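Enquirer: Numbering (my numbering), first residue to last: 9 to 396.
All residues carry an ideal CB built from backbone N, CA and C; glycine is no exception.
Note that the structure is predicted; figures quoted are calculated from it, not measured.
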């Protein structure tokens with residue numbers, strides 16, 4: 009009997025060890041892990057530099073209050089600001105906490121300039137911004153909010169691609185538009201570059217803020233440090249998490265100088281956010297991922313993976329409907345049953361995970377080797393062949 013609350017439908021599979029792109033189960037089986045904690049283990053399992061960093065820092069200092077200056081956090085904030093659009097960074101523990109904080113930053117900014125009525129945020133219906141109360145109501149998913157009433161006010165929604173509805177939703181009380189640059193849980197749906205530029209123009213015209221949620225798609229996963237960089241758009245606020253810690257819990261909110269002006273002492277806090285241990289590991293991740301040659305390799309090999317998946321789709325058009333995504337955030341939309349397909353992949357020692365719209369997510373580590381990609385492609389082809 010398990011004493012864990014059954015809020016997860018866990019598979020009867022557990023692991024004793026991980027190394028790079030692979031997991032080793034308690035029964036000795038070896039699995040190619042293309043889940044990686046849902047795009048969290050950006051450098052795979054047990055990366056030697058991260059192991060070294062965590063051991064070294066754990067012998068020095070794990071945690072101190074944010075009442076004191078934390079040099080490791082100052083260093084990471086400087087790196088993030090120098091690498092991105094941001095002027096300031098606020099550290100959290102998770103993606104949900106980061107998006108919650110992003111909401112607070114947007115509302116607080118308008119409050120600080122004497123416009124407290126501007127407090128509503130427009131989001132895409134059936135998006136995903138986390139599992140906290142405000143985040144699930146921001147997501148606009150009936151399934152996610154069921155049983156968690158009363159409704160948290162302050163969010164309006166439009167369907168993906170419904171630009172007319174989006175424009176109609178902008179009112180005098182609108183503070184921001186918040187979207188995932190690439191929708192993860194929602195089915196690996198990429199917001200086109202021209203659309204991101206349109207969102208920026210719309211926000212500028214109406215003097216509201218643009219929040220781009222890069223919790224899943226950011227930190228190198230698309231081959232650029234942020235997925236929105238390709239569009240040349242500069243957002244006001246960006247929540248991140250997952251990949252920046254390489255598997256260690258960390259989140260952050262990046263913001264412009266303008267919006268940061270409203271966050272004065274006492275407006276927000278996070279007990280564990282930005283502690284020395286998390287910051288030391290994230291600094292090491294940042295050093296590796298932000299390297300131009302590393303990101304160039306992500307682009308090259310991920311394009312090879314996507315092109316190869318397109319070829320498999322052409323071979324098995326009755327099995328695969330569409331290949332979606334960018335970089336190593338890839339979705340295989342199926343004609344066949346999603347859960348059965350994932351089980352078949354797992355039986356053949358490839359781990360994947362579901363998303364909405366009958367999509368199977370492919371989320372390898374960013375440093376996955378080409379021969380490991382080929383191994384995954386071979387398994388996917390085999391499973392498709394059995395469905396033909």
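Determine, for residue 177, whether the minimum Cβ-Cβ distance to residues of chain B falls below 8 Å.
Expert: Among the chains of the structure shown, chain B does not appear; only one protein chain is present.
Enquirer: If I'm right that residue 127 touches residue 178 with Cβ under 8 Å, what's the distance once you round it to whole angstroms?
Expert: The pair is not a contact, with the Cβ atoms about 14 Å apart (cut-off 8 Å).
Enquirer: Out of 43, 141, 331, which has the shortest C-alpha to C-alpha gap to residue 195?
Expert: Ranking 43, 141, 331 by Cα distance to residue 195 puts 331 first.
Enquirer: DSSP has residue 28 in a bridge; who is on the other side?
Expert: BP columns for residue 28 point to 53.
Enquirer: Determine the direct distance from the alpha carbon of residue 52 to that of residue 169, and round the result to whole angstroms.
Expert: Rounded to the nearest angstrom, the two C-alpha atoms are 34 Å apart.
Enquirer: Which residue or residues does DSSP assign as beta-bridge partners of residue 130?
Expert: 164, 185.
Enquirer: What do you get for residue 397, buried or exposed, if any count of 16 or more other CB atoms within 10 angstroms of its CB means buried?
Expert: This structure leaves residue 397 out entirely; the chain is present only between 9 and 396.
Enquirer: Measure the C-alpha to C-alpha separation of residue 69 and residue 368 and round it to an integer number of angstroms.
Expert: In a straight line, the C-alpha of residue 69 is about 41 Å away from that of residue 368.
Enquirer: Quick check on the burial criterion: 16 or more other C-beta atoms within 10 angstroms. Buried or exposed for residue 348?
Expert: Exposed, since its Cβ has fewer than 16 Cβ neighbours within 10 Å.
Enquirer: Comparing alpha-carbon positions, which option in 22, 142, 45, 117 lies nearest residue 270?
Expert: Checking every option, the nearest Cα to that of residue 270 belongs to 117.
Enquirer: Scan the segment 310-372 and note each continuous beta strand (DSSP E) run of 3 residues or more that stays entirely inside, going in chain order.
Expert: List check, beta strand (DSSP E) in window: 328-334, 337-342, 361-363, 367-370.
Enquirer: Which one or two residues does DSSP pair with residue 218 in a beta bridge?
Expert: Beta-bridge pairing links residue 218 to 185.
Enquirer: Just to confirm, are residue 223 and residue 334 a CB contact at a threshold of 8 Å?
Expert: Cβ atoms of residue 223 and residue 334: not closer than 8 Å.
Enquirer: Could you name the residues of the same chain whose beta carbon sits closer than 8 Å to that of residue 78, not counting the 5 residues immediately before and after it, in chain order?
Expert: Excluding residues within five positions, the ones whose Cβ falls inside 8 Å are 72, 282, 283, 284, 287.
Enquirer: Check this for me: beta carbons of residue 343 and residue 98, under 8 Å apart or not?
Expert: No, they are not a contact pair.
Enquirer: For residue 7, count the other beta carbons within 10 Å of its own beta carbon; 16 or more makes it buried, fewer makes it exposed. Which is it?
Expert: Residue 7 lies beyond the range of the chain shown here (9 to 396); nothing can be said about it.
Enquirer: Is the beta carbon of residue 259 less than 8 Å from the beta carbon of residue 293?
Expert: Cβ atoms of residue 259 and residue 293: not closer than 8 Å.
Enquirer: What span of residues does the beta strand (DSSP E) with residue 235 cover, start to end?
Expert: First-last for residue 235: undefined, no H or E at that position.
Enquirer: Quick check: what's the CA-CA separation for residue 80 versus residue 321?
Expert: One C-alpha to the other measures close to 46 Å.
Enquirer: To which residues does DSSP link residue 100 through a beta bridge?
Expert: Note: residue 100 sits in a beta bridge opposite 259.
Enquirer: What does the Cβ neighbour count give for residue 229, buried or exposed, with the cut at 16 atoms within 10 Å?
Expert: Buried is the call here.
Enquirer: Are the segment 369-383 and the segment 303-318 touching by the rule of at least three beta carbon pairs closer than 8 Å?
Expert: Short answer: they touch.
Enquirer: Expressed to the nearest angstrom, what Euclidean distance is found between the alpha-carbon atoms of residue 263 and residue 354?
Expert: Going by the C-alpha atoms only, they are around 40 Å apart.
Enquirer: Pick helix, strand or coil for residue 153, following the three-state DSSP scheme.
Expert: In this structure, residue 153 counts as helix in the three-state DSSP scheme.
Enquirer: With distance defined between alpha-carbon atoms, name the residue in 130, 32, 290 nearest to residue 163.
Expert: Here the closest residue by C-alpha is 130.
Enquirer: Near residue 32, what residues of its chain come up, given a Cβ to Cβ distance below 8 Å and the 5 sequence neighbours on each side ignored?
Expert: Correct list, in chain order: 23, 24, 25, 26, 38, 39.
Enquirer: Cα-Cα, which of 34, 133, 306, 62 is closest to residue 191?
Expert: Answer by Cα proximity: 133.
Enquirer: Count the C-beta pairs between the segment 135-143 and the segment 294-302 that are closer than 8 Å, then say yes if the count reaches three, no if not.
Expert: Counting Cβ pairs under 8 Å, fewer than three are found: no touch.
Enquirer: Going straight from the alpha carbon of residue 239 to that of residue 187, what length do you get?
Expert: Taking the straight line joining both Cα atoms gives about 15 Å.
Enquirer: Buried or exposed: where does residue 311 fall if 16 or more other Cβ atoms within 10 Å of its Cβ makes it buried?
Expert: Result: exposed.
Enquirer: Looking only at its own chain, which residues have a Cβ that is under 7 Å from the Cβ of residue 306, when we skip the five neighbours before and after it?
Expert: Excluding positions up to five away in sequence, the list reads 228, 231, 335, 336, 374.
Enquirer: Would you decide whether residue 360 is buried or exposed? Buried here means 16 or more other CB atoms lie within 10 Å of its CB.
Expert: Looking at its Cβ environment, which holds 16 or more other Cβ atoms inside 10 Å, residue 360 is buried.
Enquirer: Report the three-state DSSP secondary structure of residue 73 (helix, strand or coil).
Expert: Reduced to three states, the DSSP call for residue 73 is coil.
Enquirer: Assuming the contact rule is C-beta atoms closer than 8 Å, residue 370 and residue 328 should be a hit. Round their C-beta distance to whole Å, please.
Expert: About 12 Å separates the two Cβ atoms, so there is no contact after all.
Enquirer: Assuming residue 244 and residue 272 make a contact with CB atoms under 8 Å, what is their CB distance in whole Å?
Expert: Rounded, the Cβ-Cβ distance is 18 Å, inconsistent with contact.
Enquirer: With DSSP as the reference, identify every bridge partner of residue 23, one or two as the case may be.
Expert: Beta-bridge pairing links residue 23 to 33.
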